[in-house]
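Q:
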Amino acid sequence: METILKFPVNETFKKIIAHSKAAVKHEPNFEQRCDRQYVKDGVRGNKDYYDDSELDYTKIPAGFWLVKDEGVYIMSNGTPRMTGENVVYAEGYGKDAEYVIVHEAVGGDDFCIFLPLSWMRQALIKTSKIMTIKFTKKNLELVL
């Protein structure tokens, strides 16, 4: 499975960059909650998952999430979260997209994948119109 996801570089896209960049703290996704590098100093032991009281939110890097639930979209990982409809949907995979279409494109399970803020900045500088991500079962790639 290989899917090309295209996200319009619009005003909301620019707001997501600004929000993530300006946020003092950033929310972790599930993978980051399982990564010891984001744990507060002094927390002992290795675990499979760390809860809010064990995480140091200032260690979570600025970035954005690629999310699949009702459609496929990107959003800031900055906290506090942006209010309103501050997400950018992939073209053809909006919140009203048919489940079968989204399922065939990126799989059936919901996900939240952290991506570095540099991807959005590169898309803004290099393309100015569309951020393209190649999505496969094994990896993601920014296409410039």
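In terms of this note's numbering, the sequence shown has 1108 at position 118, counting the first letter as 1, and numbering is strictly consecutive. Where a beta carbon is used, it is the ideal one built from N, C-alpha and C, also for glycine.
So if DSSP puts Y1063 in a beta bridge, which residue, or which two residues, is it bridged to?
A: Partner(s): V1057, Y1079.
Q: Tell me the residue span of the alpha helix (DSSP H) that contains T1002.
A: Looking at the DSSP string, the run of the alpha helix (DSSP H) that includes T1002 is 1001-1012.
Q: Taking the straight line between their C-alpha atoms, what separation do you get for I1120 and E1001?
A: Between I1120 and E1001, the C-alpha separation is close to 12 Å.
Q: Since I believe L1107 is in contact with I994 (beta carbons under 8 Å), could you give me their beta-carbon distance rounded to a whole number of angstroms?
A: Not quite, the Cβ-Cβ distance comes to about 21 Å (not below 8 Å), so this is no contact.
Q: With 16 as the cutoff for other CB atoms within 10 Å, does Y1028 come out buried or exposed?
A: By the 10 Å Cβ count, Y1028 comes out buried.
Q: Would you identify the three-state DSSP class for L1107, choosing helix, strand or coil?
A: In this structure, L1107 counts as helix in the three-state DSSP scheme.
Q: With DSSP collapsed to three states, give me the class of K1085.
A: Reduced to three states, the DSSP call for K1085 is coil.
Q: Whole angstroms is fine: what's the gap from D1038's alpha carbon to E1017's?
A: So the two alpha carbons sit approximately 18 Å from each other.
Q: Considering only their Cβ atoms, is the gap separating F1125 from V1096 smaller than 7 Å?
A: The answer is yes: Cβ separation under 7 Å.
Q: Ordered along the chain, which non-local residues of its own chain (more than five positions away) have a Cβ less than 7 Å from that of Q1112?
A: Here the set comprises L1132, L1134.
Q: Where do the N-terminal and C-terminal ends of the alpha helix (DSSP H) with E1021 fall, by residue?
A: From DSSP, the alpha helix (DSSP H) with E1021 extends over 1020-1023.
Q: In the DSSP assignment, find the unbroken beta strand (DSSP E) run with K996 in it and report its ends.
A: Where K996 is concerned, the enclosing beta strand (DSSP E) stretches over 992-998.
Q: What are the boundary residues of the beta strand (DSSP E) that E1131 is part of?
A: Looking at the DSSP string, the run of the beta strand (DSSP E) that includes E1131 is 1130-1133.
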